[in-house]
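Engineer:
In my numbering, the protein residues as written are 201 to 892.
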């Protein structure tokens, strides 16, 4: 049955062509009212509490609320408008209030504990047992055991935190959309590739200007840093990007309005207060409760050990780059805005190829076809085009089938545009579950990137060309999508990525990145944009030789970001005299081989930890990379035995033990089931070129 409000229509896929900002409040109010009624009924005394009469109806009600709000949240991220933003901000406090109240509901908490203590618990499936155990943990972390006065303050913290986090991301988006750099003279763009110039000229024309218009969207600004011979141009765009949403952002029209400095401190104070209310010493301890890592000290030791291993390689990388910049580029002092440019020139010199040369072999359609071919080979599935309404004309929709049966679907939103948040991510539109009547609800995913839109040259649309780094990004996000869509778990709370420890959730995504370096994969996903010729094997060999170019610098930089995050949430007092910048400067003084300029305010746009789910969790990327590198080694071992890197047998085991089980068991158990042992850091060091 179709409802007049498309956000309340759960009969099929979201009706993006019909949803407007005006639908948000009525739909959310209706679903909140329905969910509250279910909670009120379930918290009443029961003769016996079971999965069927308690957990199932609660999950049914809250799943619909979650799906509707997920659509609103997604649209707010990819097609931001004043009307949608207002509707989002109006309803976010209501959503936060509902979930906070549910997490603190003592009657509901008691019923979950009763199921756990009851005789029927042992008869539940392992997935349902894990859901009960996770719920009990989450009630405790949600403040269910707090005194009433502390519950009130805990709820206030959740609502304020949600609002400040939203303002943080809005400020980053607004500052990004506000900034433009107009280059009037094409001579100033010496070194910048033709396709980048064409896109900048088209952007200027669209804005009613002559010349070349650049923005802070990654596909626009980064090629300037990487290729522009004019140093002043690189310095200007670097500073704008490094100071957006900060008090140092002088090139922005509303610098003070969009400054996130106070928001960062507020978020850290709220998190610290939440931790203290729950009886923890710091927020890092709170963050780690549902993760694989046991303590902040363990994480810091892991990161510092990795930094110790990477530092000699990073120092060598930097020394080589400085010498090259001085001797070959005439740069006596290597500055932050020279790094990408000098690195690109050094790589060209050392390996006799450029990123721009490689890019010509990765037109979008070949990359997508190659990605699908890989997934179909490894996991014995079929990926075919599908139909659905979408939120932007460039978005495409696909379905995944196995033995002719639908198992998952996904939206593919590839291009950067105004009103769309930066970066790349996967989010779930709908999770897998078996409904009460026995029907299977298949999973649906959003896959979002920010690549360059196809250019129009002489009236003809040219294919979008991907850098190899962008190919890696696409494979990464698709790995998340596979984790969500190839699950076989029928309980929604632990199917797909749900219930997976946050520091293990990057395993499938980083695992997929490895295939971007395999000839068996790339030979089927390249075609020169002009000639149609496949990537030459000789050029691939050069790429492979350069794979670990500056891996020491890259590893150390990621460790720095992770330590920033951990120390801000572990041993920093946001109410003390020391500033956030002081903490970051201390980390850099200890671990960085080339600290950025004093005006750099990276943290003011660090959405992962201030507007995402990575607070005291950014280390997860490196933690999970140990798992993913070791998992990928199983495919390398299969290849060494003559089976080829695209071993369907190994792929089937990876699917069975990692992807299919989702969060239905601990991630370490899943990894051990696949590899036959616990993970080792050796494969990561080898893949990064840092093995002893």
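We put the beta carbon where it would ideally sit given N, CA and C, even for glycine. Just so you know, these numbers come straight off a predicted model, no measurement behind them.
#1: Between the C-alpha atoms of residue 880 and residue 337, what's the straight-line distance to the nearest angstrom?
#2: Nearest CA to the CA of residue 620: which residue from 484, 707, 371, 394?
#3: Just the C-alpha distance for residue 218 and residue 635, rounded to the nearest angstrom, thanks.
#4: Could you give the DSSP three-state label for residue 691: helix, strand or coil?
#5: If you compare alpha carbons, which of 299, 565, 358, 208 is closest to residue 222?
#6: Taking C-beta to C-beta, are residue 804 and residue 365 nearer than 8 Å?
#7: Enumerated in chain order, which unbroken segments of the alpha helix (DSSP H) with a length of 4 residues or greater are wholly contained in the region 806-874?
#8: Quick one: what's got a C-beta closer than 7 Å to residue 289's C-beta in the same chain, skipping five residues either side?
#9: Following the continuous beta strand (DSSP E) through residue 626, name the residue where it begins and the one where it ends.
#10: Rank 852, 425, 206 by C-alpha distance to the C-alpha of residue 580 and give the top, closest one.
#11: Quick one: is residue 398 near chain B, going by C-beta distance under 8 Å?
#12: What do you get for residue 276, buried or exposed, if any count of 16 or more other CB atoms within 10 angstroms of its CB means buried?
#13: Does the distance from the CB of residue 752 to the CB of residue 514 come in under 8 Å?
#14: May I ask you to verify whether the region 787-804 touches the region 752-765, counting CB pairs closer than 8 Å and requiring at least 3?
#15: With DSSP as the reference, label residue 209 as helix, strand or coil.
#16: Going by DSSP, what residue range makes up the alpha helix (DSSP H) through residue 553?
#17: Going by beta carbon distance, what residues of the same chain come within less than 7 Å of residue 543, once the five residues before and after it are set aside?
#18: So, with DSSP's three-state summary, where would you put residue 202?
#19: Cutting at 6 Å between CB atoms, please list the residues of its own chain near residue 875, excluding the five before and the five after it.
#20: Do the CB positions of residue 666 and residue 545 come within less than 8 Å of each other?
#21: Per the DSSP calculation, residue 613 is bridged to which residue(s)?
#22: From 316, 348, 456, pick the residue whose C-alpha is nearest to that of residue 335; which is it?
#23: Skipping 5 residues on each side, what residues in its chain have a beta carbon closer than 6 Å to that of residue 578?
#24: Identify the continuous beta strand (DSSP E) that holds residue 585 and give its terminal residues.
#25: Are the beta-carbon atoms belonging to residue 716 and residue 668 less than 8 Å from one another?
#26: Taking the continuous beta strand (DSSP E) assigned at residue 573, which residues delimit it?
#27: With a 10 Å radius around its C-beta and 16 neighbouring C-beta atoms as the bar for buried, classify residue 253 as buried or exposed.
#28: What is the C-beta distance between residue 396 and residue 423, in whole angstroms, given that I count them as a contact (C-beta under 8 Å)?
#29: From the DSSP output, read off the bridge partner residues of residue 383.
#30: Thinking C-beta only, is residue 769 closer than 8 Å to residue 484?
#31: I need the boundaries of the beta strand (DSSP E) containing residue 881, first residue and last residue.
#32: Could you check if residue 745 is buried or exposed, using at least 16 other CB atoms within 10 Å of its CB as the buried criterion?
#33: Do residue 303 and residue 344 come within 8 Å of each other at the CB atom, strictly closer than that value?
#34: Return the residue from the list 623, 533, 571, 325 that minimises the CA-CA distance to residue 420.
#35: Report the rounded CA-to-CA distance for residue 713 versus residue 322, giving the unit in angstroms.
#36: Is the beta carbon of residue 587 less than 8 Å from the beta carbon of residue 598?
Structural biologist: Concretely, from the data shown:
#1: 29 Å
#2: 371
#3: 26 Å
#4: coil
#5: 208
#6: no
#7: 807-810, 820-840, 848-854
#8: 366
#9: 625-630
#10: 852
#11: As a matter of chain content, chain B is missing from the structure shown, which is built from one protein chain.
#12: buried
#13: yes
#14: yes
#15: coil
#16: It is not in any alpha helix (DSSP H) - residue 553 carries neither H nor E in the DSSP assignment.
#17: 521, 750
#18: In this prediction, residue 202 scores a pLDDT of 46, lower than 50, which makes its location untrustworthy; no coordinate-derived value is stated.
#19: none
#20: no
#21: 648
#22: 316
#23: 851
#24: 582-585
#25: yes
#26: Segment 564-579 is the alpha helix (DSSP H) holding residue 573; no beta strand (DSSP E) there.
#27: exposed
#28: 4 Å
#29: 412
#30: yes
#31: Unbroken run through residue 881: none, as it is neither H nor E.
#32: exposed
#33: yes
#34: 623
#35: 40 Å
#36: no
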